[in-house]
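Heads up, the sequence shown is in numbering that gives the first Met the number 0, so the first residue is 0 and it goes up one at a time. Okay, structure first, notes after.
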Amino acid sequence: MRHSMFAGDWMRCLAVCASGGLSFALSGCASDHDDDRLSVAVTVAPLAGLVDRVAADIADVTVMIPAGASPVTYEPSLSSMRAASSADLYVSVGHPAFAWELTWLAGLLGRGEVVVVSGAAPCESLPDDPHIWLSLPCARSIAMRVAEAVQQARPLDSDSVAASLADLMAEMDRLRALADSSLGPRAGGSFIVLHPAWGYLAQEYDLQQMAILEHGSGDAGPAGLGRIVERARSLGLANVIVQPQFSAEAALLVADELNGEIVPLDPLRREWSLAFDEAVRTLAEEVRP
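What follows is the structure, given as structure tokens:
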């Protein structure tokens with residue numbers, strides 16, 4: 000789904016960005032968030048979910064790429080650009096393969112006054128997989144650094160943030176145990192997906208993720224689909240995991256050839272714990288030895 004803007008507004012926005020004056024252009028329309036609350040902007044919804052968990056009663060969160068939109072094609076609205084420009088804190092994906100941030104983030108935060116937490120910065124991220132929030136160690140790191148930034152900005156709320164962070168860490172411990180028990184015994188197995196969003200879980204638990212579309216590609220082509228079907232059949236795979244941000248047409252073709260079905264799974268769901276839990280349980284069902 001591609002976000003649309005009035006052509007005049009869009010061209011004016013591009014002109015302002017090109018001139019380096021984005022923050023000036025947006026300053027007259029600053030967001031109307033409560034001054035007693037922290038204004039936080041994030042690139043994708045799962046990062047908002049982590050902010051929600053550590054600063055639920057402290058922060059107003061703006062998600063730059065909304066639910067259902069593709070990070071490959073989305074263009075930010077003027078309202079979301081204003082929110083990012085006037086934010087106290089920005090939580091980015093921070094992965095070099097995340098093209099949206101390479102295109103937009105420098106212009107949005109050009110005034111240099113926004114504190115930025117880069118999600119991938121200290122993590123052992125995969126070079127071709129920007130879904131760093133699906134790495135449990137990375138998610139822990141992001142939550143801890145967001146909590147630290149919020150505490151620095153709102154020291155009177157430090158105890159509340161610390162308690163919320165402790166609750167989230169306990170939840171992550173539960174999810175670690177679930178992943179170990181559900182995916183650990185399936186080491187060496189394979190699963191097939193439309194878009195390769197689950198590389199971190201695959202790497203950690205020695206699973207093979209077979210993708211119909213690679214990062215940045217839009218069409219596998221008939222020959223490519225034929226090779227995928229042959230390989231999937233040799234591994235005993237039938238069902239294809241899909242996500243709502245991409246057309247499922249290619250996945251339907253492959254699943255039909257394999258006498259399987261498509262299985263929806265959203266890596267951009269805001270409720271981080273529920274999304275991680277669902278990912279573990281779904282992969283556990285779909286992995287074949």
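Cβ coordinates follow ideal geometry from the N, Cα and C atoms, glycine included.
Query: For L107, does the three-state DSSP call read helix, strand or coil?; Result: helix
Query: Three-state secondary structure (DSSP) at R287?; Result: strand
Query: Here's a check: name, in chain order, each residue in its chain whose Cβ is nearer than 6 Å to the Cβ of V114, leaving out the five neighbours to either side.; Result: L88, A148
Query: For L267, tell me which candidate among V60, R230, L200, P243 has the shortest Cα-Cα distance.; Result: P243
Query: Between L193, R175, V279, A186, which lies nearest to Q291 when the distance is taken from Cα to Cα?; Result: Missing from the structure shown is residue 291; the chain here goes from 0 to 288 and no further.
Query: Would V228 and E260 be called neighbours here (beta carbons separated by less than 8 Å)?; Result: no
Query: Would you report the Cα separation of A250 and P221, rounded to the nearest angstrom?; Result: 12 Å
Query: Give the secondary structure of Q244 by DSSP, where H, G and I count as helix, E and B as strand, and everything else as coil.; Result: coil
Query: Quick one: what's P126 bridged to in DSSP?; Result: In DSSP, P126 forms no bridge with anything.
Query: Work out the CA separation of L167 and V60 for me, nearest whole Å.; Result: 18 Å
Query: If you follow the beta strand (DSSP E) that T76 is in, where does it begin and where does it stop?; Result: Sequence inspection shows Ser at residue 76; the Thr mentioned does not correspond to that position. From DSSP, S76 is part of no beta strand (DSSP E); its letter is neither H nor E.
Query: By how many angstroms is the C-alpha of A54 removed from the C-alpha of A47?; Result: 10 Å
Query: Output the boundary residues of the beta strand (DSSP E) element that contains V210.; Result: As written in the sequence, residue 210 is Ala, which differs from the Val given in the question. Unbroken beta strand (DSSP E) run through A210: 207-210.
Query: Given a cut-off of 8 Å on the beta-carbon distance, is the pair S91 and T42 in contact?; Result: yes
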